[in-house]
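One line per chain: the protein sequences are U and A, in this order.
Using this note's numbering, the first residue of the first sequence is number 1, and each one after it goes up by one.
Using this note's numbering, the first residue of the second sequence is number 90, and each one after it goes up by one.
Idealized CB from N, CA, C, for every residue including glycine.
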Amino acid sequence: RSGAAPAYGETNRAMMYLAQYGYLSPSVRNPSSGHIMDESTWKKAIQEFQSFAGLNSTGELDEETVKLMSLPRCGVKDKVGFGESRAKR
Amino acid sequence: YALQGSRWRVKNLTYKISKYPSRLNHAEVDAELAKAFAVWSDFTDLTFTQKRSGQVHIEIRFEKGEHGDGDPFDGPGGTLAHAYFPVYGGDAHFDDAEMWSINSRRGTNLFQVAAHEFGHSLGLSHSDVRSALMAPFYRGYDPAFQLDQDDIMGIQALYGHKTQVDIGGGLPNPTVPRVTTPQPSAEDQELCSDSKFDTIFNSADGSTFVFKGDNYWKLTENGVAAGYPRPISRSWPGLPGNIDAAFTYKNGKTYFFKGSKYWRYNGQKMDGDYPKEISEGFTGIPDNIDSALVWSGNGKIYFYKGSKFWRFDPAQRPPVKSTYPKPLSNWAGIPDNIDAALQYTNGYTYFFKGGSYWRFNDRTFSVDTDNPAFPRSTGYWWLGCSSAPRGTVGGNARLSAPSDEHH
């Protein structure tokens, strides 16, 4: 059970971050609702952020990823409009 | 770059600063925000006018915490600012809890963050190019700030190139067509009798030069400038003749290649101890290349030799991936063994071979279709040779003003 519940602190902050910038559903940020999500969604969201930020797409909340999430940045979502279908040439 | 999907239908936009930051002088903020808008008007025909009151396109506010749009700020660090895309109104909000600074390494640079947010107000989403202004992360104070090629392509995809004469201090940029006073043109017998040349490139100030043997010509809107050819060595001291390839990179430096060597010039001044070995400065690129260009599609450097091409990305390690070389036939419709190539100041990419040339369509990734079709006669369209055929090389010529390819 404890494994299932999101570990508070780092993981929770990362979840809020990924939801704020368009990598996870905004409902994740709703403090009044518990949010269970399957592993693949969580992993994919981390990989997408890592790919966008130029990190190795490990899908793991590793130290480099956590560090980048703490950098000052713009409040606009990363994934919006055509950004979602960003196709590499 | 990524486009959000909306843009302004008008190019003359107005803005007002409804709420100033609590710790900065209002006049200084006015100046910094005007500079931030100028970042975008330097490369487009957009204009920005500050108003003190009334209806405007873009409203700017410095706020703390919850400020009425359901997207509260979070105090120092974290989120610095956010802005709304044109379809949502275009307004820009800045977190007044930040230590906003001007021309200082301390605090958060107001100009850079504002220029980024105004990119959103104009319709740009975040870019995944780390060096781009529209990347989401604040990179710290950059006294030598310049827009990345990626940002320029994004804003010009929305609002086109800059066409008006730039009265202000706009940055020189080889991809921006410059309205220059027309120079007298002259037909050059040598080039008109044999329009094959060694290389063609733009200099950092947007001039276009053709190299052939020991001589060079400067091109005008309608052909070659009067008073040419001139010896290459007179204008580029230390540079030999019979150059293989040349291009100007976004750092404003021009690179020349011959055999196994290359030279770097800043304008027409050698930029250090050259020549150097290509294998040293452009690891992964072979000697004796046919041509090179900075491709308008992604701002990367491409080298062509025989039936192959290589992509060189200075920001990557290694700069040439192991998947290269690739067959030149990937550039659909471009023949092997080309003589020269360039990204012209109109933003298009051109390839030259013998007396013919092809215009490349970056979106279809193939030779452009037009009437007359490509290949066309280089002499007629680029060198002002009225006697050369206008139409498709070997095809019939349709009478019209020569060399409107330049437009």
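If residue i and residue j are in contact, beta carbons under 8 Å, what's the gap, nearest whole angstrom?
{"i": "A:Y104", "j": "A:I149", "result": "6 Å"}
{"i": "A:D428", "j": "A:F286", "result": "7 Å"}
{"i": "A:F162", "j": "A:A186", "result": "6 Å"}
{"i": "A:G295", "j": "A:T434", "result": "5 Å"}
{"i": "A:G167", "j": "U:P72", "result": "6 Å"}
{"i": "A:F139", "j": "A:A127", "result": "At residue 139 of chain A the sequence reads Gln, which differs from the Phe that was named. Wrong, their Cβ atoms sit about 12 Å apart, outside the cutoff."}
{"i": "A:T372", "j": "A:P407", "result": "7 Å"}
{"i": "U:G22", "j": "U:K43", "result": "That belief does not hold up - the Cβ atoms of U:G22 and U:K43 are roughly 17 Å apart, past 8 Å."}
{"i": "A:G302", "j": "A:N331", "result": "6 Å"}
Which same chain residues end up closer than 8 Å to residue i when comparing Cβ atoms and leaving out the 5 residues on each side of it in sequence?
{"i": "A:S349", "result": "E366, I367, S368, D376 and N377"}
{"i": "A:E121", "result": "I191, L199, F200 and A203"}
{"i": "U:V28", "result": "M15, M16, L18, A19, H35 and M37"}
{"i": "A:S107", "result": "E148, I149 and R150"}
{"i": "A:D360", "result": "K342, R353 and Y354"}
{"i": "U:C74", "result": "none"}
{"i": "A:K100", "result": "T133, D134, L135, T136 and Y248"}
{"i": "A:D119", "result": "I106 and Q139"}
{"i": "A:D283", "result": "G444"}
{"i": "A:T197", "result": "L169, E187, M188, W189, S190 and Y227"}
{"i": "A:S111", "result": "F151 and D185"}
{"i": "A:G33", "result": "With chain A running from 90 to 496 in the structure shown, residue 33 of chain A is simply not present."}
{"i": "A:E117", "result": "I191"}
Can you list, in chain order, the residues of its chain with a C-beta nearer than 6 Å to that of residue i? Leave out the 5 residues immediately preceding and following it.
{"i": "A:W97", "result": "P175"}
{"i": "A:T297", "result": "N291 and L308"}
{"i": "A:Q93", "result": "F174, G212 and S214"}
{"i": "A:A172", "result": "A181, E206, H209 and S210"}
{"i": "A:H146", "result": "L102, T103 and G179"}
{"i": "A:I241", "result": "F132"}
{"i": "A:K389", "result": "R400 and D402"}
{"i": "A:D239", "result": "Y90, S216, V218 and A221"}
{"i": "A:V299", "result": "F286, I289 and W306"}
{"i": "A:A224", "result": "S216"}
{"i": "A:Y437", "result": "R448"}
{"i": "U:V76", "result": "none"}
{"i": "A:F183", "result": "F151 and A170"}
{"i": "A:K442", "result": "P424, I427 and D428"}
{"i": "A:V409", "result": "G373, W399 and F401"}
{"i": "U:L24", "result": "L18 and A45"}
Comparing alpha-carbon positions, which option in the options lies nearest residue i?
{"i": "A:Y227", "options": "A:Y305, A:T252, A:A170 and A:I244", "result": "A:A170"}
{"i": "A:S466", "options": "A:F454, A:S455 and A:R448", "result": "A:R448"}
{"i": "A:L247", "options": "A:Y437, A:A91, A:D184 and A:G166", "result": "A:A91"}
{"i": "A:I374", "options": "A:T412, A:D362, A:Q357 and A:G386", "result": "A:T412"}
{"i": "A:K339", "options": "A:F440, A:I321, A:F441 and A:A221", "result": "A:A221"}
{"i": "A:G473", "options": "A:D158, A:E310 and A:M223", "result": "A:E310"}
{"i": "A:S130", "options": "A:P165, A:D158 and A:Q245", "result": "A:Q245"}
{"i": "A:W325", "options": "A:Q357, A:N331 and A:V313", "result": "A:Q357"}
{"i": "U:N12", "options": "U:L61, U:Q47, U:D78 and U:K77", "result": "U:L61"}
{"i": "U:A45", "options": "U:E63, U:K79 and U:E64", "result": "U:K79"}
{"i": "A:D451", "options": "A:A404, A:V383, A:S111 and A:F371", "result": "A:V383"}
{"i": "A:Y503", "options": "A:G386, A:S111, A:K410 and A:P414", "result": "Nothing about residue 503 of chain A can be reported from this structure: the residues present for chain A run from 90 to 496 only."}
{"i": "A:G327", "options": "A:V313, A:Y317 and A:Y363", "result": "A:Y363"}
{"i": "A:A430", "options": "A:T453, A:A381, A:G157 and A:P414", "result": "A:A381"}
{"i": "A:R194", "options": "A:G229, A:D160, A:P165 and A:G164", "result": "A:G229"}
Quick one: residues in its chain with C-beta nearer than 7 Å to the C-beta of residue i, no 5 flanking neighbours on either side, listed in chain order?
{"i": "A:P416", "result": "S396 and K397"}
{"i": "A:P329", "result": "K347"}
{"i": "A:H115", "result": "Y109"}
{"i": "A:R319", "result": "N304 and Y305"}
{"i": "A:S476", "result": "C281"}
{"i": "A:D237", "result": "V218, S220, A221 and L222"}
{"i": "A:A404", "result": "S220"}
{"i": "U:G9", "result": "none"}
{"i": "U:S57", "result": "Q47, Q50 and S51"}
{"i": "U:S64", "result": "It should be noted that the sequence gives Glu, not Ser, for residue 64 of chain U. Cβ within range, chain order: L55."}
For residue i, decide whether its Cβ has a neighbour in chain C, counting only Cβ atoms nearer than 7 Å.
{"i": "A:D294", "result": "Of the chains in the structure shown, none is chain C; the protein chains are U and A."}
Is residue i a contact residue of the ligand GTP, with contact defined as CB to any heavy atom under 6 Å?
{"i": "U:L18", "result": "Annotation note on the ligand GTP: not contained in the displayed structure, which lists no ligands."}
Decide if the stretch 385-396 of chain A is in contact with the stretch 415-423 of chain A; the criterion is three or more beta carbon pairs, one per stretch, under 8 Å apart. yes
Contact between the stretch 278-294 of chain A and the stretch 327-342 of chain A (3+ Cβ pairs under 8 Å): yes
Three or more C-beta pairs below 8 Å linking the stretch 138-157 of chain A and the stretch 222-238 of chain A: no
Looking at C-beta atoms only, is the number of pairs between the stretch 38-53 of chain U and the stretch 61-71 of chain U that lie closer than 8 Å three or more? yes
Uninterrupted beta strand (DSSP E) stretches inside the stretch 142-215 of chain A (no shorter than 3 residues): 147-152, 168-172 and 181-184
Sequence ranges, alpha helix (DSSP H) only - wholly within the stretch 444-474 of chain A, length at least 4: 467-471
Where are the alpha helix (DSSP H) runs, 4 residues long or more, that stay fully inside the stretch 2-75 of chain U, in chain order? 10-20, 39-53 and 63-69
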